[in-house]
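Asker: Below is a structure I'd like to ask you about.
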Amino acid sequence: MTAAGTTTAATTATPTSTDAPPTAGSRFTGAVANYIDERTSISGLVKELGRKIFPDHWSFMLGEVAIYSFIAILLSGTFLTLFFDPSMVEVHYEGSYDPLKGIEMSAAYASALDITFDIRGGLLMRQVHHWAALLFVASIGLHMLRVFFTGAFRKPRELNWVIGFVLFVLAMAEGFTGYSLPDDLLSGNGLRIIDGMVKGIPVIGTWTSWLLFGGEFPGTVIVGRLYVLHIMLLPAILIAALGVHLLLMVINKHTQFAGPGRTNSNVVGVPVMPVFAAKAGGFFFIVFGTIVLIASTVTINPIWNYGPYDPSPVSAGTQPDWYIGFADGALRLVPPGWEFVLFDHTWTISVLAPMAVLGGFLVLVMFYPFIEAWITGDKREHHIADRPRNAPTRTAIGAAGVTFYAVLWAAASSDIIATHFKLTIEGVTYALQALLIFGTLAAYLITKRVCLALQAKDREIVLHGVESGRIVRMPGGEYIEVHEKLDEYDRWRLVDFEDYKPLMIRPNAKGKITVGQRVRAVFSRWFFEDRISPVTKGELESGEHH
Amino acid sequence: MRTSSPKPNSAPRQRATGRRSPLATVALIAIGLVATGGAYALASTTATATNPAIVHQASADEGKKLFAANCANCHGLDAAGTDEGPSLHGVGAASADFQLGTGRMPLAMQGPQGEKKTPQFTAEQIADLVAYVASLAPGPALPEDRYLQADGSASKGAELYRINCAMCHNVAGAGGALTQGKFAPALAGVEARHIYEAMVTGPQNMPVFSDLNITPQQKADIITYLKFIENNPSVGGADLGSLGPVSEGLFIWIFGLGAIVAMTVWIAARPN
Numbered sequence: 020m021t022a023a024g025t026t027t028a029a030t031t032a033t034p035t036s037t038d039a040p041p042t043a044g045s046r047f048t049g050a051v052a053n054y055i056d057e058r059t060s061i062s063g064l065v066k067e068l069g070r071k072i073f074p075d076h077w078s079f080m081l082g083e084v085a086i087y088s089f090i091a092i093l094l095s096g097t098f099l100t101l102f103f104d105p106s107m108v109e110v111h112y113e114g115s116y117d118p119l120k121g122i123e124m125s126a127a128y129a130s131a132l133d134i135t136f137d138i139r140g141g142l143l144m145r146q147v148h149h150w151a152a153l154l155f156v157a158s159i160g161l162h163m164l165r166v167f168f169t170g171a172f173r174k175p176r177e178l179n180w181v182i183g184f185v186l187f188v189l190a191m192a193e194g195f196t197g198y199s200l201p202d203d204l205l206s207g208n209g210l211r212i213i214d215g216m217v218k219g220i221p222v223i224g225t226w227t228s229w230l231l232f233g234g235e236f237p238g239t240v241i242v243g244r245l246y247v248l249h250i251m252l253l254p255a256i257l258i259a260a261l262g263v264h265l266l267l268m269v270i271n272k273h274t275q276f277a278g279p280g281r282t283n284s285n286v287v288g289v290p291v292m293p294v295f296a297a298k299a300g301g302f303f304f305i306v307f308g309t310i311v312l313i314a315s316t317v318t319i320n321p322i323w324n325y326g327p328y329d330p331s332p333v334s335a336g337t338q339p340d341w342y343i344g345f346a347d348g349a350l351r352l353v354p355p356g357w358e359f360v361l362f363d364h365t366w367t368i369s370v371l372a373p374m375a376v377l378g379g380f381l382v383l384v385m386f387y388p389f390i391e392a393w394i395t396g397d398k399r400e401h402h403i404a405d406r407p408r409n410a411p412t413r414t415a416i417g418a419a420g421v422t423f424y425a426v427l428w429a430a431a432s433s434d435i436i437a438t439h440f441k442l443t444i445e446g447v448t449y450a451l452q453a454l455l456i457f458g459t460l461a462a463y464l465i466t467k468r469v470c471l472a473l474q475a476k477d478r479e480i481v482l483h484g485v486e487s488g489r490i491v492r493m494p495g496g497e498y499i500e501v502h503e504k505l506d507e508y509d510r511w512r513l514v515d516f517e518d519y520k521p522l523m524i525r526p527n528a529k530g531k532i533t534v535g536q537r538v539r540a541v542f543s544r545w546f547f548e549d550r551i552s553p554v555t556k557g558e559l560e561s562g563e564h565h
Numbered sequence: 007m008r009t010s011s012p013k014p015n016s017a018p019r020q021r022a023t024g025r026r027s028p029l030a031t032v033a034l035i036a037i038g039l040v041a042t043g044g045a046y047a048l049a050s051t052t053a054t055a056t057n058p059a060i061v062h063q064a065s066a067d068e069g070k071k072l073f074a075a076n077c078a079n080c081h082g083l084d085a086a087g088t089d090e091g092p093s094l095h096g097v098g099a100a101s102a103d104f105q106l107g108t109g110r111m112p113l114a115m116q117g118p119q120g121e122k123k124t125p126q127f128t129a130e131q132i133a134d135l136v137a138y139v140a141s142l143a144p145g146p147a148l149p150e151d152r153y154l155q156a157d158g159s160a161s162k163g164a165e166l167y168r169i170n171c172a173m174c175h176n177v178a179g180a181g182g183a184l185t186q187g188k189f190a191p192a193l194a195g196v197e198a199r200h201i202y203e204a205m206v207t208g209p210q211n212m213p214v215f216s217d218l219n220i221t222p223q224q225k226a227d228i229i230t231y232l233k234f235i236e237n238n239p240s241v242g243g244a245d246l247g248s249l250g251p252v253s254e255g256l257f258i259w260i261f262g263l264g265a266i267v268a269m270t271v272w273i274a275a276r277p278n
């Protein structure tokens, strides 16, 4: 497999051209490059990486957004560690914020307030850190959606999908441990929910909770423990996984959309050096600048409003950060009374059931590439990204998943929906419960039909061209509208995709039809029963004649 | 009303030149004016200060007429309540002042909750109605001014607020949802008097916070805190309605990620 650049010849690390006598500057660069190369043999790597080709499409830059916001998180987070005190020792606040003066609180909360009010630039850094974290997880989510809907998770990239999924979970864990650290009322309420979930596990729940919090909730150790996770363990794993993720991306090469000259065995785009690197570098500053602009103008997590954590108060409108919202929403949508009495004990499943559903959902997302590969039985490599409409069942599954997630997510703000749209909170809850099931189904059905209709339209356009609006009267008196043929470039995009057919059940080597085969055939029929084939060469040629 | 008059200046001259001095007339007029003006001023202040019952009674009578015209439909002509509205015997001046002063009464319509709107009566009419309701039976009185100055301890008030009020009204007073379409309203812009009266009387779905539960001084502290957050906008920039992570999440998805996706489209765009 070779990478071919169409736009520019890639420049390598060789700094001087031969004709003109080298200037002092370039002689110096040359000498330095030579010095380093003789000791590290890095030129091979630079040559390889520098000529790495990246296809140009806006949706391919979403992963970059995640990396850049992660850098913003690392930088601002380092600043915060210099001043944050992860201790739950009780102190009396004596800082600048009047409505908390003299109030008893943990050292963690007091130091978070000091960062906010008394350390120069501290509030900005806190807000950069938090906004960047929200953007980090959001851009990961969008990046995953792009990969899913274009089928970029197919062989050879299944493992990288799994690593990416792990990164997503790590990002959520980082977020959760992070917003629990300031030990304000909101973060304590979040921890209380986690405590409740742990205690909801039969038999071992209570013991596990005591282990986690070092005694009865909230205890005096949890902030220190979360701090170690937040600033050391999770970031270390995250960075390692990110390294592998990027390495696999380089090894597997980037997917590209179909187009003239683009095949499954090449990559058409610009090499990293110099244009792509310059663009990416500039893009880093755009992302960073956007984060700082937001952080300097819009409040996030006003911990001074929440006050120190105290297990008795819970504020109205208490929600987790957006990426944990789907879990909160799942808890809110559980109908009342999901419990039973057995052996003289009341067993509740109102916490376990939603957790199981969420766990199942996440596992499905994680293993989707393998599930789809098994159903299609496709063992080929795929480097051309699908247009979502050309994989109607997958796109419909994705839309159903997005709807499912979105309903859970919306449910986390059911109270705010109720107050702001002047509805009853019960009505909102019932509507979301119904949407969770029927909305998901409807999204599946509608998306699948829309995809098939779009494919049919594409087929029509390829075969008959675009309506030109020009009406011509034929000599016999008949009126026809002249259709303009597509040019080849546009046509390529519409016809270059793979066609699958439902799997035929065939006996294996022993002459038996296994149960696995039958199940697979059922799934395969579900996937590919309704399909619209791409226009073949023969159809195209016969179409040219009329 | 005390004015400095030309009296001390003219007195020695009068003695020197006699009663026929041209200034005598001026002095007499001045004395007359000061005496009558002073007497009037004295009389009018003593009237309001020492005989409130007279004015009060007049006002309650006026209030009764207003009540019959505007309120009796639901509360009954004797204010003893009907199927449409509760009895007002014993609700006290504070309750009437809160409901009328915030425009909740008279109701625009029956609904989950009477909502705040422009007051339907003038301040004077409200005073009359309040006097009438107060005259029906003993109940919580209007708050004393010294508790409404927002000069108590903001930190004590904030702590009390978090423990007693935030679960419905939200930590930043942004309001919150209750059951069946009812809600705890936002507290920004509510007058100190009305906050105090609400705590004492527990209007609609709000519980009563009696003086044994939260002392008047503690109520004043809570008012101090609420006025502090009302008058001190968020140090972090736009507060997004103080609604917490929901509005933050919406903001980052719509404006943050929206702006960045627009940038990616721009960067990846090729001139045609």
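Those protein sequences? They're chains A and B, same order as listed.
Mapping of the first sequence onto the working numbering: residues 20 to 565, in sequence order.
Mapping of the second sequence onto the working numbering: residues 7 to 278, in sequence order.
All C-beta atoms, glycine included, are put in the ideal place defined by N, C-alpha and C.
#1: Is residue 180/A buried or exposed, if buried means 16 or more other CB atoms sit within 10 Å of its CB?
#2: Just tell me which of 519/A, 427/A, 480/A has its CA closest to the CA of residue 505/A.
#3: Taking buried to mean at least 16 other C-beta atoms within 10 Å of its own C-beta, is residue 185/B buried or exposed?
#4: Please tell me whether residue 110/B has its Cβ less than 7 angstroms away from any Cβ of chain A.
#5: Residues in the stretch 104–134 of chain A with C-beta within 7 angstroms of chain B's C-beta atoms, listed in sequence order?
#6: Quick one, which of 41/A, 414/A, 478/A, 347/A has its alpha-carbon nearest residue 171/A's?
#7: Apply the 10 Å Cβ neighbour rule to residue 108/A and answer buried if 16 or more other Cβ atoms are within range, or exposed otherwise.
#8: Strictly by DSSP, which residues pair up with residue 182/B?
#9: Count the other C-beta atoms from every protein chain shown that fall within 10 angstroms of the C-beta of residue 460/A, then say buried if there are 16 or more, exposed otherwise.
#10: Taking CB distances under 7 angstroms as the criterion, tell me whether residue 76/A reaches chain B.
#11: Determine the chain A residues that contact residue 245/B at a beta-carbon separation under 8 angstroms, and present them in chain order.
#12: Determine the DSSP secondary structure at residue 93/B, reduced to helix, strand or coil.
#13: Ignoring anything shorter than 4 residues, give me the alpha helix (DSSP H) runs that lie fully in the stretch 238–318 of chain A, in order along the chain.
#14: How long is the line joining the alpha carbons of residue 275/B and residue 174/B, rounded to whole angstroms?
#15: Going by other Cβ atoms of all chains shown within 10 Å of its Cβ, with 16 needed for buried, is residue 322/A buried or exposed?
#16: Sorted by chain position, which residues of the same chain lie with C-beta nearer than 7 angstroms to residue 2/B's C-beta, five sequence neighbours on each side aside?
#17: Excluding sequence positions up to five away, which residues of its chain have a Cβ less than 7 angstroms from the Cβ of residue 143/A?
#18: Specify, as a first and last residue, the run of the beta strand (DSSP E) that residue 492/A falls within.
#19: In chain order, what are the residue ranges of uninterrupted beta strand (DSSP E) at least 3 long that sit wholly in the stretch 443–525 of chain A?
#20: Counting only runs of 3+ residues fully inside the stretch 102–132 of chain A, write out the beta strand (DSSP E) ranges in chain order.
#21: CB residue 551/A to CB residue 472/A, shorter than 7 angstroms?
#22: Where DSSP assigns a beta bridge to residue 361/A, which residues make up the other side?
#23: Determine the DSSP secondary structure at residue 195/A, reduced to helix, strand or coil.
#24: I'd like to know if residue 215/B contacts chain A, where contact means its C-beta is closer than 7 angstroms to some C-beta of that chain.
#25: So is residue 505/A in contact with chain B if we call contact Cβ pairs under 7 angstroms?
#26: Determine the DSSP secondary structure at residue 239/B, reduced to helix, strand or coil.
#27: Residue 162/A and residue 81/A - do their beta-carbons sit closer together than 7 angstroms?
#28: When DSSP labels each residue in this structure, what does residue 373/A get in the three-state scheme?
#29: Report the neighbours of residue 249/B on chain A: residues whose CB is nearer than 7 angstroms to its CB, in chain order.
#30: Judging by CA-CA distance, which residue of 339/A, 292/A, 370/A is the nearest neighbour of residue 352/A?
#31: Rounded to the nearest angstrom, what separates residue 260/A and residue 84/A at their Cα positions?
#32: Against chain A, with Cβ distances strictly below 7 angstroms, would residue 234/B count as a contact?
#33: Any idea what DSSP makes of residue 403/A, helix, strand or coil?
#34: Would you kindly check if the distance between the Cβ of residue 158/B and the Cβ of residue 230/B is under 7 angstroms?
#35: In whole angstroms, what is the alpha-carbon distance linking residue 78/A and residue 265/B?
#36: Could you tell me which chain B residues have their CB closer than 9 angstroms to the CB of residue 377/A, listed as they occur along the chain?
Answerer: Taking the structure as given:
#1: buried
#2: 480/A
#3: exposed
#4: no
#5: 117, 118, 119, 120, 121, 122
#6: 414/A
#7: exposed
#8: 190/B
#9: exposed
#10: yes
#11: 318, 321
#12: coil
#13: 241–247, 253–271, 296–316
#14: 49 angstroms
#15: buried
#16: This structure leaves residue 2/B out entirely; chain B is present only between 7 and 278.
#17: 314, 315
#18: 485–492
#19: 485–492, 498–503
#20: 109–111, 123–125
#21: no
#22: 364/A
#23: helix
#24: no
#25: no
#26: coil
#27: yes
#28: helix
#29: 336, 435
#30: 370/A
#31: 17 angstroms
#32: yes
#33: strand
#34: yes
#35: 14 angstroms
#36: The premise fails here: residue 377/A is roughly 18 angstroms from chain B at the closest Cβ pair, so nothing lies under 9 angstroms.
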